[in-house]
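Student: In the working numbering, the protein residues as written are 52 to 157.
1. Can you list, in chain order, the residues of its chain with a C-beta nearer than 6 Å to that of residue 148? Leave out the 5 residues immediately preceding and following it.
2. Could you check where the beta strand (DSSP E) with residue 84 kicks off and where it finishes?
3. For residue 113, which residues in the same chain have their Cβ closer than 6 Å to its Cβ, ignoring the five residues on either side in sequence?
4. Of all the CB atoms in chain B, is at least one closer than 8 Å to the CB of residue 148?
5. What number of angstroms, rounded off, separates the C-alpha of residue 58 from the C-alpha of residue 86?
6. According to the neighbour-count rule (16 or more other Cβ atoms, all chains shown, within 10 Å of its Cβ), is residue 145 buried or exposed?
7. Ends of the beta strand (DSSP E) at residue 56?
8. Alpha carbon to alpha carbon, how far is residue 108 from residue 139?
9. Quick one, which of 63, 60, 68, 76 has its alpha-carbon nearest residue 151's?
10. For residue 129, which residues from the same chain have a beta carbon less than 7 Å from its beta carbon, with the 5 sequence-adjacent residues on both sides left out?
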């Protein structure tokens, strides 16, 4: 589907940005605890006919529109709001808060 982003890719990109921010600020002293994250998207839920009939969720881009393709499709536009509570899990499986640091000395 042109001009859309799969919802899965958007969440993976958010995770990568958070991990990058934590790594970039590893030696900084001012801390920010990462709290709940709310994301709201205009998405289309699309089911392709035939075969497996999978359902996919895609985020609309600024210029996105639904177009015809060679496959039979059924789609509906929906508003989706996600509330995420990110946690850091260590090698032992223990959960902890994520801190992003910025500044000078500890």
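The beta-carbon is built from N, C-alpha and C at its ideal position, and this holds for glycine as well.
Tutor: So, from the listed chains and residues:
1. Along the chain shown, read from residue 1 onward, the residue named residue 148 stands at position 97. So the qualifying residues of the chain are 84.
2. Position 33 of the chain shown, counted from the start, is the residue given in the question as residue 84. Run containing residue 84: 81-84, per the beta strand (DSSP E) assignment.
3. Your numbering for residue 113 matches position 62 in the chain shown. Since pLDDT at residue 113 reaches only 47, below the 50 mark, its modelled position is unreliable, and the value read off the structure follows with that caveat. There are no such residues.
4. Absent from the structure is chain B; it holds one protein chain and no more.
5. Working through the chain shown from its first residue, we reach residue 58 at position 7. Working through the chain shown from its first residue, we reach residue 86 at position 35. Taking the straight line from one Cα to the other gives about 21 Å.
6. In the chain shown, the residue the question calls residue 145 occupies position 94. That one is exposed.
7. Here residue 56 refers to the residue found at position 5 of the chain shown. Residue 56 -> beta strand (DSSP E) spans 55-57.
8. As a working mapping, residue 108 is identified with position 57 in the chain shown. As a working mapping, residue 139 is identified with position 88 in the chain shown. Those two C-alpha atoms are separated by around 26 Å.
9. Counting from one through the chain shown, the residue named residue 151 turns up at place 100. Taking only the C-alpha atoms, the option nearest residue 151 is 76.
10. Position 78 of the chain shown holds residue 129. Closer than 7 Å at the Cβ level, and outside the excluded window around residue 129, lie 94, 96.
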